[in-house]
Amino acid sequence: MDVTIGVQNLTREVTVETEESADAVAAAVKKALGGDPLELTDSRGRKVIIPGSAIGYVEIGSEEQRKVGFGAV
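Just so we're aligned: the sequence shown equals residues 8 to 80 in this note's numbering.
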């Protein structure tokens with residue numbers, strides 16, 4: 008699942024591909040908005056830590072994989 012994080016005073020977004028569920032990511036974001044840092048682990052095992060006070064917005068992608076190809080819809 009892709010998580011896109013907008014950080015205050017930065018022009019680029021931070022994008023993290025994680026194996027965590029949408030509910031787990033949402034809980035971590037809510038905790039970070041209370042003052043704690045947002046800590047996520049990406050699919051390669053790297054940790055991303057963002058100060059909670061610097062979070063502008065968070066976009067949590069769907070857990071379903073996108074379909075690839077030109078098949079009939």
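Cβ coordinates follow ideal geometry from the N, Cα and C atoms, glycine included. Just so we're clear, the structure is a prediction, and the values are computed from it rather than from any experiment.
Each of Pro58, Glu24, Arg51, Ile67 was checked against the Cα of Asp43, and the nearest Cα belongs to Pro58. Counting along the chain, Leu17 sits inside no alpha helix (DSSP H), nor does DSSP assign it H or E at all.
Within the DSSP secondary-structure output, Val55 pairs in a beta bridge with Leu47.
Taking a contact as a CB-CB distance under 8 Å, the pair Ile67 and Ala33 counts as one, their CB atoms being some 6 Å apart.
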